[in-house]
Amino acid sequence: MQTEDLKDELTCALCLQVYQDPVRLPCLHSFCLKCIEEAWAQTPGAGKFECPQCRQIFNRRPSLERKATGVHYRRSESPTDSPHLMCEYCIENPTPAVKTCLKCETSFCSQHVKPHLLKEYYKDHTLIEPVRNFKERQCFDHKKVLEFYCNDDAECVCGSCIVTGKHKSHTLLSLDQAQSAIKVKLEKEFEKIDDIQRNCSSKKEELERSEAEIKTQINQIKEKLSKNFSEWRRKLDEDEESTMRVIDEEGLQALSQIRSCSEALNSKMEQIALIDREIQSFLQKDPLSIIQVHLQYIWPLLGKGNFL
Numbered sequence: 001m002q003t004e005d006l007k008d009e010l011t012c013a014l015c016l017q018v019y020q021d022p023v024r025l026p027c028l029h030s031f032c033l034k035c036i037e038e039a040w041a042q043t044p045g046a047g048k049f050e051c052p053q054c055r056q057i058f059n060r061r062p063s064l065e066r067k068a069t070g071v072h073y074r075r076s077e078s079p080t081d082s083p084h085l086m087c088e089y090c091i092e093n094p095t096p097a098v099k100t101c102l103k104c105e106t107s108f109c110s111q112h113v114k115p116h117l118l119k120e121y122y123k124d125h126t127l128i129e130p131v132r133n134f135k136e137r138q139c140f141d142h143k144k145v146l147e148f149y150c151n152d153d154a155e156c157v158c159g160s161c162i163v164t165g166k167h168k169s170h171t172l173l174s175l176d177q178a179q180s181a182i183k184v185k186l187e188k189e190f191e192k193i194d195d196i197q198r199n200c201s202s203k204k205e206e207l208e209r210s211e212a213e214i215k216t217q218i219n220q221i222k223e224k225l226s227k228n229f230s231e232w233r234r235k236l237d238e239d240e241e242s243t244m245r246v247i248d249e250e251g252l253q254a255l256s257q258i259r260s261c262s263e264a265l266n267s268k269m270e271q272i273a274l275i276d277r278e279i280q281s282f283l284q285k286d287p288l289s290i291i292q293v294h295l296q297y298i299w300p301l302l303g304k305g306n307f308l
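UniProt numbering puts the sequence shown at residues 1 to 308.
Here is the structure:
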């Protein structure tokens with residue numbers, strides 16, 4: 001066992017210190033005896049016993065099973081400790097055990113376990129897969145093998161518990177019956193989980209289809225809008241070009257008219273200037289010449305009104 005794992009195994013989850021007088025609840029979580037009793041004493045509500053770690057609630061105060069420490073862990077760390085549990089009868093030639101008898105508290109190899117399988121005397125002995133720690137399978141109160149399951153308190157009990165102990169009038173099941181009931185319950189839970197998984201898978205597929213459809217719709221809308229905007233830009237460019245062309249044409253026409261008027265005005269101004277110069281020159285002549293020129297040229301231009 002690694003150092004960190006060993007530290008976790010020896011640490012109480014409540015005080016976070018190495019176990020002092022460790023005990024184990026039926027849910028298999030362990031605490032210091034003082035810590036768990038103080039935790040229950042501080043829990044609101046009379047008669048409520050809850051595991052501080054997994055929150056499992058017990059209808060009655062559960063029995064507190066003493067937990068092995070120290071020697072148990074030192075043995076598991078010993079470099080000479082075999083990974084296999086050995087038969088306790090094979091002294092000279094150690095042989096791996098194949099079964100452990102809970103009543104004998106002994107492990108046997110395939111050869112030495114035969115009496116338990118063949119003799120009537122051992123028919124009430126319980127054989128299980130090899131185990132090292134028998135205390136985990138013994139009743140804390142009577143030090144006997146746990147053989148029954150108390151359905152009222154949700155814990156395993158021994159024969160004495162149901163005859164003279166506090167579980168005397170409780171609903172009891174054999175370990176096989178309890179195991180079967182647990183398996184049935186778990187199978188139902190697994191069926192529910194399978195249904196949930198199938199439902200989730202169906203929902204996921206539906207969401208994936210919806211996502212794909214939405215992406216397709218988005219692309220279609222973007223493509224359509226892109227075409228529309230391109231067409232609008234083309235029309236705007238055409239309208240701009242046409243409008244600019246009309247403005248240029250009308251502007252040129254207006255400028256042409258202005259230039260024509262300007263040229264006519266310039267011509268008239270030149271004529272007036274010429275007349276002005278001629279008049280100034282004419283006024284310098286003698287009186288008879290002025291009268292004769294006036295009668296011959298100026299008077300007709302003025303409309304032949306009064307001479308003077």
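Built from N, CA and C at the ideal position, the CB exists for glycine as well.
Quick caveat: nothing in here was measured; it's all calculated off a predicted structure.
Would you tell me roughly how many angstroms separate the C-alpha atoms of residue i and residue j, rounded to the nearest one?
i, j, result
"residue 261", "residue 269", "12 angstroms"
"residue 103", "residue 93", "25 angstroms"
"residue 309", "residue 131", "Residue 309 cannot be examined here, being either before or after the span of the chain that is shown, 1 to 308."
"residue 283", "residue 291", "10 angstroms"
"residue 14", "residue 209", "50 angstroms"
"residue 295", "residue 244", "59 angstroms"
"residue 61", "residue 89", "41 angstroms"
"residue 34", "residue 12", "11 angstroms"
"residue 85", "residue 112", "14 angstroms"
"residue 259", "residue 281", "33 angstroms"
"residue 77", "residue 129", "The predicted position of residue 77 is uncertain, since its pLDDT is 38 and thus under 50; no value can be drawn from it."
"residue 271", "residue 238", "49 angstroms"
"residue 289", "residue 267", "29 angstroms"
"residue 188", "residue 194", "10 angstroms"
"residue 31", "residue 165", "24 angstroms"
"residue 82", "residue 199", "Its pLDDT being 42, under 50, residue 82 is placed unreliably in this model, and the value from its coordinates should be taken loosely. Answer to the nearest angstrom: the Cα atoms are 49 angstroms apart."
"residue 275", "residue 285", "16 angstroms"
"residue 254", "residue 246", "12 angstroms"
"residue 233", "residue 240", "10 angstroms"
"residue 214", "residue 196", "26 angstroms"
"residue 123", "residue 106", "16 angstroms"
"residue 221", "residue 236", "22 angstroms"
"residue 223", "residue 249", "39 angstroms"
"residue 300", "residue 293", "11 angstroms"
"residue 252", "residue 217", "52 angstroms"
"residue 183", "residue 174", "14 angstroms"
"residue 10", "residue 36", "15 angstroms"
"residue 20", "residue 54", "21 angstroms"
"residue 71", "residue 133", "For residue 71, the predicted model reports a pLDDT of 36, less than 50, meaning its position is unreliable; a value from the coordinates is still stated below. Distance between the alpha carbons of residue 71 and residue 133: 11 angstroms."
"residue 204", "residue 212", "12 angstroms"
"residue 278", "residue 287", "16 angstroms"
"residue 178", "residue 185", "10 angstroms"
"residue 148", "residue 201", "41 angstroms"
If we call anything under 8 angstroms between Cβ atoms a contact, is residue i one with residue j?
i, j, result
"residue 109", "residue 95", "yes"
"residue 162", "residue 172", "yes"
"residue 153", "residue 58", "yes"
"residue 22", "residue 39", "no"
"residue 140", "residue 191", "no"
"residue 160", "residue 135", "no"
Would you kindly report the start and end of the unbroken beta strand (DSSP E) that includes residue i?
i, result
"residue 155", "155-157"
"residue 30", "30-32"
"residue 131", "First-last for residue 131: undefined, no H or E at that position."
"residue 99", "99-101"
"residue 23", "22-24"
"residue 107", "106-108"
"residue 149", "148-150"
From which residue to which residue does the alpha helix (DSSP H) around residue i run?
i, result
"residue 252", "175-282"
"residue 115", "114-118"
"residue 288", "287-293"
If residue i and residue j are in contact, beta carbons under 8 angstroms, what's the gap, nearest whole angstrom?
i, j, result
"residue 150", "residue 167", "5 angstroms"
"residue 56", "residue 50", "7 angstroms"
"residue 158", "residue 170", "Contact doesn't hold; Cβ gap of about 13 angstroms is too wide."
Any 3 or more C-beta pairs closer than 8 angstroms across the region 111-122 and the region 23-35
No, they do not touch.
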